[in-house]
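**Student:** Questions regarding the structure given below will be posed in turn.
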Amino acid sequence: MKKRIGLYPRVRVGGGGRMVVSQAGGVLLVEAVRKSGLDQAISTALTPWSKPRTVHDPGKILLDVALAVALGGDCLADAGMVRAEPVVFGSVASDPTVSRLIDALAAAGPTALDAIRTARAQARDDVWKLAGPSAPDAGGQVIVDIDGLLVLAHSEKQDATATWKRTFGHHPLAAFVDHGKSGTGEPVAALLRPGNAGSNTAADHITTARLALAQLPKKYRRGRRTLIRTDSAGGTHEFTAWLAQRGRWLSYSVGMTITDHIHQAVLTVPPTAWTPAVEPDGEIRHGAWVAELDGDTLKGWPPGMRLIVRKERPHPGAQLRFTDTDGLRLTAFATNTANSPIAALELRHRQRARAEGRIRAARATGLRNLPLHKAAQNQIWLENVQLALDLLAWMPMLALTGDARRWEPRRLRLRLFSAAAQIVTTARRQVLRFARYWPWTDVITDAIERLDVLPNPG
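The working numbering applies: residue 117 is where the sequence shown begins, and numbers increase by one.
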């Protein structure tokens, strides 16, 4: 009888393997870079930082770091994972060269940031055209969610301070395009702020909104084809006034704090004025109602603004606030969208919760911490994280279908990017052959075929 020595087979391990590529599924991201034209756009944008007789293109250096972050890296040194696979990722600069470029871009300040953002906007326009029905504007309107997030710091870094949650770090403000229920989302702005920055600072919301709108194709700056959506941090007089000034082409849906004035107005709403809230499938949501407030409640706010309140039975164990009424939880939001049922508008605003998924994806893609010391360096890192998140959004948009279209970064890495492949040379061409029994090999090869048939940029 064979003696059992464990639950798993025991194999001998040694180095020196050849003709095998790890992280071979990263070829999907490389093809997304090529088809989007991002490589050409960012190479052109960063030409001023290319020194005479330089070996490595600054644009490719930045993209290599973004690819490493997309594959799971969280510091500049993680570019080593793409450097180790030149068959897929080409020649990758050394760690000192990468660091020098980041320092040079940080020293250039707004000039470098504008160059990177211009390249991203150009590539985004091309990707959305290639995506067709899968593009975020397929429903006729682009929705941009603005939200803040906390990034913890475990050492002394510039602008790292105590946060409102009694932690220590930074408090960036970010904006994401919502891809709807059939997709994920992509970043269009990220403003680095100290940890003690206010959640409802109107100037920061305006700056973030400007950066986000600059990332969208120009056709979304007319006819109210863009909706800005925020939580109650955006419900300030200054920010809503700024949004209202652009009301001819911009829609908004911003959360509002339940003030005593609003609370008193809710008490005067007759029972017949409350409408049942609805679910995405059109079914009535039991235990939740919405109503519109008007009159003196809107005094001092921009013309055309509608204030909608929701009341619902709280889930078991929830702690009510002083502003809640009759054991029902109250929330409110404001919008300038006219001629739409308030239940549909409330559902649209409630779907802002998808922004939490985008923040979760950002934390899993280089925003678990800010790895550099100076604020200017970390702002470049923040732009690089956005590059990585762009690729993680564009590749599924162009190449994946069904449930795979909604996979978040961690699942993409586990199932697709981490797949190993064998290098085979045939007819003077190198071919990647993925393992036959890897459960998602068909997903990878089908995605490559979809990318192959897309037209090349230019």
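Here a beta-carbon is modelled for each residue, glycine too, at the ideal position from N, C-alpha and C. Being a predicted model, the structure only gives us computed values, none of them experimental.
Just how far apart, CA to CA, sit E302 and R468?
**Tutor:** Approximately 14 Å between the Cα atoms of the pair.
**Student:** Less than 8 Å between the C-beta atoms of I158 and L178, yes or no?
**Tutor:** Cβ atoms of I158 and L178: closer than 8 Å.
**Student:** Would the segment 547–566 and the segment 139–155 be scored as touching if the rule is three or more Cβ pairs under 8 Å?
**Tutor:** Segments in contact, yes.
**Student:** Measuring alpha carbon to alpha carbon, tell me which of M513, T453, R340 and R526 ends up nearest G473.
**Tutor:** Looking at the Cα atoms, R526 is the closest of the given residues.
**Student:** Tell me the rounded alpha-carbon separation between R426 and T453.
**Tutor:** Whole-angstrom Cα-Cα distance: 17 Å.
**Student:** State yes or no: is the C-beta of A148 within less than 8 Å of the C-beta of L503?
**Tutor:** Against a cut-off of 8 Å, the Cβ pair of L503 and A148 comes out as no contact.
**Student:** Which of the three DSSP states is assigned to A368 in this structure?
**Tutor:** Reading the sequence as shown, one finds Tyr at residue 368 and not Ala. If DSSP states are grouped into helix, strand and coil, Y368 belongs with the strands.
**Student:** Check whether the Cβ of G371 sits closer than 7 Å to any heavy atom of the ligand HEM, and report yes or no.
**Tutor:** By its list of ligands, the structure shown contains no ligand whatsoever, and the ligand HEM lies outside what it can speak to.
**Student:** I believe V267 touches L483 by the beta-carbon criterion, under 8 Å. Please report the beta-carbon distance rounded to the nearest angstrom.
**Tutor:** Correct: roughly 6 Å between the Cβ atoms.
**Student:** Would you check if the distance between the CB atom of G311 and the CB atom of T279 is smaller than 8 Å?
**Tutor:** Contact flag set, yes.
**Student:** Assuming V304 is part of the beta strand (DSSP E), what are its boundary residues?
**Tutor:** Looking at the DSSP string, the run of the beta strand (DSSP E) that includes V304 is G301 to L307.
**Student:** Assuming P419 contacts A357 (C-beta within less than 8 Å), just tell me the rounded distance between them.
**Tutor:** Actually they are not in contact, since the Cβ atoms of P419 and A357 sit about 10 Å apart, beyond 8 Å.
**Student:** G175 and D155: beta carbons closer than 8 Å?
**Tutor:** Going by C-beta atoms, G175 is nearer than 8 Å to D155.
**Student:** Skipping 5 residues on each side, what residues in its chain have a beta carbon closer than 6 Å to that of R199?
**Tutor:** So the qualifying residues of the chain are V208.
**Student:** In its own chain, which residues sit with a C-beta less than 6 Å from the C-beta of A450, not counting the 5 before and 5 after it?
**Tutor:** Around A450: V370, M372, M421 and L423.
**Student:** Which one of R545, T542 and R531 has the shortest CA to CA distance from V559?
**Tutor:** Considering only alpha carbons, the answer is R531.
**Student:** What would DSSP say about W244, mapped onto helix, strand or coil?
**Tutor:** Helix, per DSSP.
**Student:** Are T342 and V394 close, meaning C-beta to C-beta below 8 Å?
**Tutor:** No, Cβ-Cβ distance for T342 and V394 is not below 8 Å.
**Student:** Could you work out which residue in A290, V243 and A407 is closest to L507 when comparing CA atoms only?
**Tutor:** Among A290, V243 and A407, the Cα nearest to that of L507 is on V243.
**Student:** Rounding to the nearest angstrom, what Cα-Cα distance links W497 and L486 in this structure?
**Tutor:** Distance between the alpha carbons of W497 and L486 is about 7 Å.
**Student:** To the nearest angstrom, how far is the alpha carbon of L332 from that of A478?
**Tutor:** Cα to Cα, L332 sits roughly 20 Å from A478.
**Student:** Sorted by chain position, which residues of the same chain lie with C-beta nearer than 7 Å to L366's C-beta, five sequence neighbours on each side aside?
**Tutor:** Cβ neighbours of L366 beyond the five flanking positions: R340, T342, I344 and L359.
**Student:** So A551 is in the alpha helix (DSSP H); what residue range does that whole segment cover?
**Tutor:** Where A551 is concerned, there is no enclosing alpha helix (DSSP H), given that its DSSP letter is neither H nor E.
**Student:** Would you list the residues sitting across from P392 in a DSSP beta bridge?
**Tutor:** W405.
**Student:** Quick one: Cα of N316 to Cα of P571, how far?
**Tutor:** Between N316 and P571, the C-alpha separation is close to 44 Å.
**Student:** Tell me which residues share the same chain as G574 and place their Cβ nearer than 8 Å to its Cβ, disregarding the 5 neighbours each side in the sequence.
**Tutor:** Here the set comprises G153 and Q156.
**Student:** Looking at C-alpha atoms only, which residue of P432, I378 and I400 is the closest neighbour of G411?
**Tutor:** Among P432, I378 and I400, the Cα nearest to that of G411 belongs to I378.
**Student:** In terms of residues, what are the limits of the beta strand (DSSP E) holding H294?
**Tutor:** Looking at the sequence itself, residue 294 is Asp, so the reference to His does not match. That run of the beta strand (DSSP E) goes L289 to D294.
**Student:** By how many angstroms is the C-alpha of L567 removed from the C-alpha of V406?
**Tutor:** Their backbone Cα atoms lie some 45 Å apart in a straight line.
**Student:** Roughly how many angstroms lie between the CA atoms of R337 and R362, to the nearest whole one?
**Tutor:** Each residue's Cα considered, the two are about 9 Å apart.
**Student:** Which runs of the alpha helix (DSSP H) fall wholly inside the segment 148–229 and span at least 4 residues, in chain order?
**Tutor:** Counting whole runs of 4 or more residues, the segment 148–229 contains the alpha helix (DSSP H) stretches 154–161, 174–186, 196–199, 202–205 and 211–224.
**Student:** In angstroms with no decimal places, state the Cα-to-Cα distance between T481 and A471.
**Tutor:** When rounded, the distance between both Cα atoms is 15 Å.
**Student:** Rounded to the nearest angstrom, what separates A290 and T324 at their Cα positions?
**Tutor:** Computed Cα separation, rounded: 7 Å.
**Student:** Name, in chain order, the residues that DSSP records as bridge partners for I259.
**Tutor:** Answer is L343.
**Student:** By Cβ distance, which residues of its chain are closer than 6 Å to A305, with the 5 residues on each side in sequence left out?
**Tutor:** Answer for A305: A291, T324, L327 and A328, listed in chain order.
**Student:** Looking at the secondary structure, which residues open and close the beta strand (DSSP E) in which I424 lies?
**Tutor:** I424 -> beta strand (DSSP E) spans R422 to E428.
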